[in-house]
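K.L.:
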Amino acid sequence: MKLFVVISTFLLATSASVIKGPGSRIIGGQYASVGQFPYQVYLQTEFANGPSWCGASILSADWVVTAGHCVYDATNVNVVAGTISVNPFDSTAQIRSVAQIINHPQYNPNSPNYNDISLLRLSSPLSLNYYIWPVPLADKYEDEDELSIPEKDTREIHINEDFVIRSRISNPGKA
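Here the sequence shown stands for residues -16 to -1, 1 to 159, where the numbers follow mature numbering (1 follows the signal peptide of the UniProt record, and there is no 0).
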């Protein structure tokens, strides 16, 4: 059950990782404060055809989890933790390179809706603190009306600012 919560949190957190343009925004979202989502990290990825970005979640000081399509065939990956602003980074940010990428053995980039998960081992551990902390694992499922998830707000993409915001979604498990 804990693995399900981690994976669900991660998938919700990274599902907004595709940039749709300057008109895209999260309806009803609010800006997050630094430290509000200490487990959320920003991935800077390089591919043969250019740079990209995604989100990921901290599992421990040495490991993060992300979607497989975010890092499959990447030539370079950096993790940025402890910030809600990606240009410039907050003073609380820590940057680590990725030493190892472990893709799900059954991940297929031609069918990215299945087994779309990867573990990333960092080159050096993150210094855990108020702004950088592993994703909490629930002891049991909480039956709430709404869940908070971190997302990326791309409103400012043309002036090189990007902020994590918070939004509320309905709990699909609630009737």
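From the three backbone atoms N, C-alpha and C, an ideal C-beta is built for every residue, glycine too.
Short of 8 Å in beta carbon distance, which residues of its chain neighbour Ser102, apart from the five on each side in sequence? Order them along the chain.
P.N.:
Val49, Thr50, Ala51, Gly52, Cys54, Val55, Tyr56, Ile85, Ile86, Asn87, His88, Tyr91
K.L.:
Is any heavy atom in the ligand PLP found nearer than 6 Å to the beta carbon of Asn62?
P.N.:
Among the components modelled here there is no ligand, and therefore nothing to report on the ligand PLP.
K.L.:
Tell me the residue span of the alpha helix (DSSP H) that contains Val55.
P.N.:
52 to 55
K.L.:
Leu27 bridges to which residues according to DSSP?
P.N.:
Cys38, Val63
K.L.:
Smallest Cα separation from Ala83: which of Gln20, Arg105, Tyr15?
P.N.:
Arg105
K.L.:
Which residue marks the beginning of the beta strand (DSSP E) containing Ile86, and which one marks its end?
P.N.:
78 to 87
K.L.:
Out of curiosity, what's the CA-to-CA distance linking Gln28 and Ser95?
P.N.:
23 Å
K.L.:
Nearest CA to the CA of Asp100: which residue from Val25, Ala40, Tyr114, Thr76?
P.N.:
Ala40
K.L.:
When the distance is taken between beta carbons, is Ile116 closer than 7 Å to Ala65?
P.N.:
yes
K.L.:
Out of Asn60, Thr67, Tyr98, Tyr15, which one is the CA nearest neighbour of Pro35?
P.N.:
Asn60
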